[in-house]
Every structure is written in C-alpha cells, then in structure tokens.
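A.B. asks: Structure below; questions to follow.
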Amino acid sequence: MIEVWNVIILRPAMNSLIALSGAMPSAIEFGLAIIVFTIVVRLVLTPVTIKQTKSMKSMQELQPKMKELQKKYAKNKAKLQQETMKLYKEAGINPVGCMWPMLIQFPVWIALYQSIIKTLATTPENLLDLSQHLYRSETIARAIPVNSSFLWLDLGQPDTTMILAILVGGTMFVQQKMTTPPSPDPRQASTNQMMLMMMPLMFGLFTIMFPAGLPLFWLISNLIGIGTQYVVGGGWGYLRRGASKAVTKPS
Amino acid sequence: MKSVRLPLIALAAILVAASTFGCAAPAAQGFAGIVSDGEHLYVGSADGQILAVNPSARAAGEPFPSTEEWAYPVTTLVRGTFGCGTSEVASTLYATPVLTDGHICVGTYDGKVLMLDPDARLAGMSFPQLRAGEWMYPRTDDSIGPIVGDPTVYEDKVFVASSVSDRGRTHGVVYALDRAYGDELWVSEHLDGKLWVTPAVSDGVVYVSTFDGHVYSLDAATGETLPWSYEGEFGFVSSPVIVGNILYVGTFNRSLIAVPLGAETKAWEFHANNWFWSTPLIVDDVLYAASLDGMLYALDRETGVARWVEPYDTDDSIAGSPVLANDSIVVVSQSGDVHVVDRASGMGARVPDPTRDRASTVNAEVVASPLYLDGLVYVRAQNNVLFAIDPVARSVAYSFPLDME
Chain A
1 MIEVWNVIIL RPAMNSLIAL SGAMPSAIEF GLAIIVFTIV VRLVLTPVTI
51 KQTKSMKSMQ ELQPKMKELQ KKYAKNKAKL QQETMKLYKE AGINPVGCMW
101 PMLIQFPVWI ALYQSIIKTL ATTPENLLDL SQHLYRSETI ARAIPVNSSF
151 LWLDLGQPDT TMILAILVGG TMFVQQKMTT PPSPDPRQAS TNQMMLMMMP
201 LMFGLFTIMF PAGLPLFWLI SNLIGIGTQY VVGGGWGYLR RGASKAVTKP
251 S
Chain B
1001 MKSVRLPLIA LAAILVAAST FGCAAPAAQG FAGIVSDGEH LYVGSADGQI
1051 LAVNPSARAA GEPFPSTEEW AYPVTTLVRG TFGCGTSEVA STLYATPVLT
1101 DGHICVGTYD GKVLMLDPDA RLAGMSFPQL RAGEWMYPRT DDSIGPIVGD
1151 PTVYEDKVFV ASSVSDRGRT HGVVYALDRA YGDELWVSEH LDGKLWVTPA
1201 VSDGVVYVST FDGHVYSLDA ATGETLPWSY EGEFGFVSSP VIVGNILYVG
1251 TFNRSLIAVP LGAETKAWEF HANNWFWSTP LIVDDVLYAA SLDGMLYALD
1301 RETGVARWVE PYDTDDSIAG SPVLANDSIV VVSQSGDVHV VDRASGMGAR
1351 VPDPTRDRAS TVNAEVVASP LYLDGLVYVR AQNNVLFAID PVARSVAYSF
1401 PLDME
C-alpha cells in the first residue's frame, strides 16, 4: 500500500518539487519552488475548489430555510430529515457531494506535505531515505540537496522569530472568518467563535514546531484560499459583513 | 455541537493520515559505528551512550558491565519550545568514535566534541577528568553545530567538520582542536554548503567535500583556505578518502569520482544506480565501493575500471562501508543482511545461507559500517543491538543489546 502511494503520488510530487527547485534562483530556490508548486497544485485543483466553495455558499444560503424547518419540525426528526432532503433537492445541492472535493484534495495535500519534509532532508536519515525516492536525472542530481534558506528562514528548521507563526495564524483566521456565517443562536455563535480562534492558534503553534518549509506551504495555501474565496464568493464574505455588523450593532 | 465536531474530526483525520503516511519528520536517531583497540570494542549507541565492550565477556554471555567494560551516557541540554526551562537528553551520535593515544574521541550531533579516557570512564568518575586527558569542546553549553562525520586525528590535532546556520544560510565549518587539551586552535572560514563529512588529511592539508559540490583544502597548521579547490558539477554525498595523492568521493549524480590532488579535472568517474553514501575501502590497488543501489563494486584505483565481471548484488541498499576480512570483503545491507564476498572473484554469499534461513542476518536496519576483529564481523543495528557475525560459519555468534545499563 505504502509502495503504491510512493510510486504513484509521492515520488512524482517530490521529484517535481526538486526539479522546480533546480530551475529557481539559487539563493531562494526551495522556498520559491514550494510557492510555485503550491500555486500549481492549487490551480490544478481550482475546478474542485470552486465546486466546493459554491456548494458551501449554497448550503449557507439555505441556512435560514433550514432554521425554519428545524423550528417547524422540532419534535418530528423523521419529517425534518425528509423536508431537509427535499429542500436540498429543490436547490440542486448534494450535501454529501460537497465532501468529495475535500476528499479529492486530501491525498494531494498529504503528498505535498510529505514531499516538503522528505526533500528538505534535515537529518542524515532523511537524506538517506531521500535517495530511494529520486528519479535518475541530472537535473534532479544537480538540485540535490536543496538549499533550505529562504528570506530570513531556514526551511529545514522551525522559525523562531514568530513572524511566520503570526502570518500563518492570521491568514488562517481571515480565510475561516470569510466563510463562517454569524449565527443568531448564541451557543452556536460561541462555538463558531471558539473554532475561529482555535484553528489559527493551533497552526500558529505547529509553525514554531515544524521545519519552516511546511508553514510556508500553509501560508501560501491560505493566501490562495483567501483569493479563491474572494473571487468565487464575491468579496470578503463574512469577514466584512461580520465586521460591519459588529460596528453597527450599538446603534 | 455538530459544527464543533466536524472540524475536530477533520483535524484528527489529518493527524492520523499524516502519521500513517509518515508526514512528520522522523527524529534523528544516529548511526555511529564501532572502533576497536584490538581488545575492546567502542561503540556509540542509539540512546547516546559510548560503550566499551569486551568481546570475550559478551561471547560468554556475562552480565554487563564485565571486566573493563563501561557505558558513558553523552547528554545535552535542550531548551523548551518557548525557551522556557531546560532538560537533559541523550545526544544523537552519527560519528563513529575515534581512538587516539589511548583515548576515545567522540563528535555529537548536538555539536560537542568529547575526549574520553577509558580508565576514568571505567572508574565512573565525573566528566571531564582533565588530569586523565579528558576534555569537552566547547567547554560551555554552546554548540558548534551538528557533527555527522567522524573526527579525524592528525599529529597533535583533532579535526571536526560541522555546519552552522547564519541568517537562513547553512555553512560548513572545520575546527582544529588540540588533541591533548581540547583547546581551539583554529576555525575555518565559512565554506559553502553543509558539512556532514569526515575530514581527510594528507601531507599537512585538510580536505573536506561539501553538499554544494566543492572539495576545499585547508592548511592543517593554520586553517587558512588554500588556493586549490575542486568544483564538481554535482554535490558530494560522501566523505573524501585520500590514497596516494588521489581523492575519492561520491556525488549526488550516483557516481564515484577520483580527483588527483591539485588537479582541476577528475581522473575518472564511475556511475552506479544510486549514491555512493559510504566511503570506499581501498586495498592495494583495488577500491571496493558499496552503493545505495545494493551493489558492491571492485574498481581499479588508478583507472576506475571494474575488476569483477559483475558487481556483487545484495538485492538491497548498502549504507555502510565495506570491511576487509582476510581474503573477503564484508558488506551489510540496510535491511540487515551480512554478505561475505571473495576479493578476487566478486562471488559471495549471504549470512546465513538463504536456502536455510530466509530471515535477514540481524533482522534490523543497519546503516553504520561494520568492523572486523579476530574472525568476527561486528554490526551495530538501528534497533540498538550489537551483533557478532562469524563470516566463516555464516552464522550470528552472539548479540548484545546496547541499551543495557
């Protein structure tokens, strides 16, 4: 199973990343390669991402109607389920279908994640392991080992300056905020608020624990996610609406 | 409640998948080899100990430590994630200990060089016993950067190569230390690229090969970078070895090259199907080189022409250097198979006989180079067990867990 994964997904991803690294300016080669590779992968997955974003948007638009149904059939769960499915059908939404784009992206992200870690070869064991995954190519041989320096970062070491942690946490917060609708239910609102804070904090913490190459990938991924959401979702979404609501509330 | 559960389940799934597919970088484990003074074996264990092992006592199955045996844990202070608090943890050892003037020199991955006195360690005295010739460099809690290659002792100096990070860039640095007291004699200028190598010394000149594809030469007395350097088309993966004015080194282009010292071009290049990770063994005019492609090659030292009709195939990768055992060459594959190969013909066999026993010789991963002593081949496996292999009887004579207190 692992060998199939390695041959079909991991090795092509790793070797592409290394080859790309070899084509970049030498001082910042691997950092740029991660950025370009992340952008390319996100572009390839754009149709899937757009489909997912639209599905989520449609689901959110149905929320008021869903609330009405929940209120109306609070005591009849079977009827509620029946009416909910009917609502989805009328709106042309497959609730399970919105999970598929996420599942398709999943192995790609794992492969990218794994490629970065393996390619950086921070320990001698990693470098030894890397030898078993490389294609026979002079371009790849020339690019190995990759130069792990990028701007102020050593991509093979955690960033101790906290700058990357703040950027990763901040962009993750913005991306989540754009897609999280304000809830009239105080309990739900408090839960949403907790999740909005928890995920960026967790990834901020991961950033100071993992080699900086990975947080760089998260940062670029978040930025592209924000861009996609802005274009497909039509603006800043709930980031702006939430803010304006908060400002206008006292009056 | 549902909205809380979903992201948490998704996060848990990511973490499970990540750990299943090995996304997290594995921790440095170390693969220090074995050295011997003819009576004892000195080995660096996977849990950061230097052990003096008496082969007779181990063969007899006596409890450890027996006569003249000891274990010294090499530790380092580690700061917490947020810089709060420190804890003492076992050092990681990649460098094989080196014997010099009755002492044992050790380089650690956390950037320390130690000189141990066997008598002081046997007596269990605190380290370092300066009167016994023990020292540690640096003497403070500072680190000189990860040491992966072995220290090299030349005349009254110890040379070690390490790497330092400076403003996001990694540079190689060579240190020369006084062999008797551990004083810093000189520190080289920053060399391009990581240095995970054992420095080679010849005629008062220190040679190091870098990941960036340079071989630098330094004056052993002053540390000054000398005018001659060799620039390869590809980075260098192995440590350099010098025999008879020719330097041999493995490249990231799956080749082994021979460069005459002082020359601008290589004398020859031999290609394999993977890297020459370990340094070759040179006996007379033949160079025995093991590759991660699983082959053991015998090459003419002067011309690079293959000496055997076919290279010896272990069917697995070989990370450790070959060793000479009488008229045979012994190599250990990464999956733990010991192979004994005839020097002249290149014909060999696995230990034990695969037709009788299909399990690998030591049944554990092996990266360190083996050692041949008094008719036995000693192998330090990654499961932290020392194996003694009888290459004639083609069997495991005994094994000894190195994490035994």
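Going down the list, the sequences are from chains A and B.
Each residue of the first sequence is one higher than the one before, starting from 1 at the first, in my numbering.
Each residue of the second sequence is one higher than the one before, starting from 1001 at the first, in my numbering.
Ideal Cβ positions, reconstructed from N, Cα and C, are used throughout, including at glycine.
Touch check for the region 77 to 90 of chain A and the region 1288 to 1302 of chain B: three-plus C-beta pairs under 8 Å?
C.D. replies: no
A.B. asks: For B:TYR1181, count neighbouring C-beta atoms within 10 Å of its own C-beta (all shown protein chains included) and say buried if the count is 16 or more, exposed if not.
C.D. replies: Stepping through the second sequence from its first residue, residue 1181 of chain B is reached at position 181. By the neighbour-count rule (16 or more Cβ atoms within 10 Å), B:TYR1181 is not buried but exposed.
A.B. asks: List the residues of chain A that B:ARG1169 touches, going by C-beta distances under 7 Å, in chain order.
C.D. replies: Mapped onto the second sequence, residue 1169 of chain B falls at position 169. Those within 7 Å of B:ARG1169 in chain A are SER149.
A.B. asks: Run through the DSSP bridge pairs and tell me what A:THR150 is partnered with.
C.D. replies: Indexing the first sequence from 1 puts residue 150 of chain A at position 150. Note that residue 150 of chain A is Phe in the sequence shown, not Thr. The partner list for A:PHE150 (beta bridge, DSSP) reads A:LEU153.
A.B. asks: Look up B:LYS1260 in the DSSP assignment and give the residues it is bridged to.
C.D. replies: Here residue 1260 of chain B is taken as the residue at index 260 of the second sequence, counted from 1. Per the sequence presented here, residue 1260 of chain B reads as Pro, with Lys not at that position. Per DSSP, B:ILE1246.
A.B. asks: Please list, in chain order, the residues of the region 1274 to 1304 of chain B that have any C-beta partner in chain A closer than 8 Å.
C.D. replies: ASN1274, TRP1275, TRP1277, LEU1292
A.B. asks: Identify, in the order they occur along the chain, each residue of the same chain with its Cβ nearer than 8 Å to the Cβ of A:GLN175, setting aside the five sequence neighbours on each side.
C.D. replies: Counted from its first residue, the first sequence places residue 175 of chain A at position 175. Cβ contact annotation for A:GLN175 (same chain, cutoff 8 Å, sequence separation greater than five): ASN222, GLY225, ILE226, GLN229, in chain order.
A.B. asks: Give the DSSP-derived three-state secondary structure of A:GLN81 in the structure shown.
C.D. replies: The count along the first sequence starts at 1 and reaches residue 81 of chain A at position 81. DSSP places A:GLN81 in helix when its eight states are reduced to three.
A.B. asks: Alpha carbon to alpha carbon, how far is A:GLY31 from B:ASP1192? Give it in angstroms, no decimals.
C.D. replies: In the second sequence, residue 1192 of chain B corresponds to position 192, counting from 1. In the first sequence, residue 31 of chain A corresponds to position 31, counting from 1. B:ASP1192 and A:GLY31: Cα-Cα distance of roughly 19 Å.
A.B. asks: Distance, Cα to Cα, A:LYS71 vs A:MET197?
C.D. replies: Counting from 1 along the first sequence, the entry for residue 71 of chain A is found at position 71. Counting from 1 along the first sequence, the entry for residue 197 of chain A is found at position 197. A:LYS71 and A:MET197: Cα-Cα distance of roughly 29 Å.
A.B. asks: Are the C-beta of A:ILE104 and some C-beta of chain B separated by less than 8 Å?
C.D. replies: Within the first sequence, the letter at position 104 stands for residue 104 of chain A. By this cut-off, A:ILE104 is not an interface position.
A.B. asks: If B:LEU971 sits next to B:SER1317, beta carbons under 8 Å apart, how far is it from one beta carbon to the other, in whole angstroms?
C.D. replies: There is no way to answer for residue 971 of chain B, as the model of chain B reaches only from 1001 to 1405.
A.B. asks: For A:PHE30, report the span of its alpha helix (DSSP H) as first-last.
C.D. replies: Working through the first sequence from its first residue, we reach residue 30 of chain A at position 30. Note, A:PHE30: alpha helix (DSSP H), 29 to 44.
A.B. asks: I need the straight-line Cα distance from A:THR248 to A:TRP236, nearest angstrom please.
C.D. replies: Translated into positions along the first sequence, residue 248 of chain A becomes position 248. Translated into positions along the first sequence, residue 236 of chain A becomes position 236. Confidence at A:THR248 is low in this model, with a pLDDT of 43, below 50, so its placement is unreliable and the value that follows should be read with caution. Rounded to the nearest angstrom, the two C-alpha atoms are 18 Å apart.
A.B. asks: Out of B:ALA1263, B:VAL1338, B:ALA1221, point me to the one whose CA is closest to B:VAL1215's CA.
C.D. replies: Reading the second sequence from its first residue, position 215 is the one you call residue 1215 of chain B. The option with the nearest alpha carbon to B:VAL1215 is B:ALA1263.
A.B. asks: Report yes or no: is there a C-beta of chain A within less than 8 Å of the C-beta of B:ARG1254?
C.D. replies: In the second sequence, the residue the question calls residue 1254 of chain B occupies position 254. For B:ARG1254, the answer is yes, since a Cβ of chain A falls inside 8 Å of its Cβ.
A.B. asks: Pick helix, strand or coil for B:LYS1157, following the three-state DSSP scheme.
C.D. replies: Reading the second sequence from its first residue, position 157 is the one you call residue 1157 of chain B. Of the three classes helix, strand and coil, the one that applies to B:LYS1157 here is strand, per DSSP.
A.B. asks: So B:TYR1216 contacts chain A; which residues on that side make the cut at Cβ distance below 8 Å?
C.D. replies: Working through the second sequence from its first residue, we reach residue 1216 of chain B at position 216. The contacting residues do not exist; B:TYR1216 stays about 17 Å from chain A at best.
A.B. asks: Beta-carbon separation of A:ILE220 and A:ILE35 under 8 Å?
C.D. replies: By 1-based counting over the first sequence, the position of residue 220 of chain A is 220. By 1-based counting over the first sequence, the position of residue 35 of chain A is 35. In contact: A:ILE220 and A:ILE35 (Cβ atoms closer than 8 Å).
A.B. asks: Mind checking B:HIS1339: buried by the 16 CB within 10 Å criterion, or exposed?
C.D. replies: Your numbering for residue 1339 of chain B matches position 339 in the second sequence. Classification for B:HIS1339: buried.
A.B. asks: B:PHE1021 by DSSP, collapsed to three states: which one?
C.D. replies: For this step, residue 1021 of chain B is matched to residue 21 along the second sequence. Caution is warranted here: a pLDDT of 47 is assigned to B:PHE1021, below 50, making its placement in the model unreliable, and no coordinate value can be reported.
A.B. asks: Under three-state DSSP, which class holds A:MET195?
C.D. replies: Numbered from 1 along the first sequence, position 195 holds the residue referred to as residue 195 of chain A. In the structure shown, A:MET195 falls within a helical segment according to DSSP collapsed to helix, strand and coil.
A.B. asks: The alpha helix (DSSP H) spanning A:PHE173 covers which residue range?
C.D. replies: Translated into positions along the first sequence, residue 173 of chain A becomes position 173. Per DSSP, A:PHE173 belongs to the alpha helix (DSSP H) from 163 to 179.
A.B. asks: Using a Cβ-Cβ cut-off of 8 Å, state whether A:GLN323 counts as contacting chain B.
C.D. replies: Because residue 323 of chain A is not part of the residues shown, which for chain A are 1 to 251, the question remains open.
A.B. asks: Hey, does A:GLN175 have any beta-carbon neighbour from chain B nearer than 8 Å?
C.D. replies: The count along the first sequence starts at 1 and reaches residue 175 of chain A at position 175. Not closer than 8 Å to any Cβ of chain B, the Cβ of A:GLN175 fails to qualify, so no.
A.B. asks: Tell me which same chain residues have a C-beta within less than 8 Å of the C-beta of A:LYS65, skipping the five on either side of it?
C.D. replies: As a first step, residue 65 of chain A is located in the first sequence; it is residue number 65 there, counting from the start. Counting only Cβ-Cβ distances below 8 Å, and skipping sequence neighbours, we find LEU87.
A.B. asks: Using a Cβ-Cβ distance cut-off of 8 Å, determine whether A:ILE144 contacts chain B.
C.D. replies: Here residue 144 of chain A refers to the residue found at position 144 when the first sequence is read from its first residue. Cβ-Cβ to chain B under 8 Å: yes for A:ILE144.
A.B. asks: Can you pull the chain A neighbours of B:TYR1094, defined as C-beta to C-beta under 8 Å?
C.D. replies: Against the second sequence, residue 1094 of chain B aligns to sequence position 94. Correct list: PRO124.
A.B. asks: On the CB-based measure, 16 or more other CB atoms within 10 Å of its CB, does A:TRP152 come out buried or exposed?
C.D. replies: As a position in the first sequence, residue 152 of chain A is number 152, starting the count at 1. A:TRP152 comes out exposed.
A.B. asks: Identify which residue in A:PRO145, A:ILE166, A:MET85, A:TYR238 has its Cα closest to the Cα of A:PRO124.
C.D. replies: Residue mapping note: residue 124 of chain A aligns to position 124 of the first sequence, counting from 1. Of the candidates A:PRO145, A:ILE166, A:MET85, A:TYR238, the one whose C-alpha sits nearest the C-alpha of A:PRO124 is A:PRO145.
A.B. asks: List, in chain order, every chain B residue whose beta-carbon is nearer than 8 Å to that of A:GLN157.
C.D. replies: Your numbering for residue 157 of chain A matches position 157 in the first sequence. The answer, in chain order, is SER1165.
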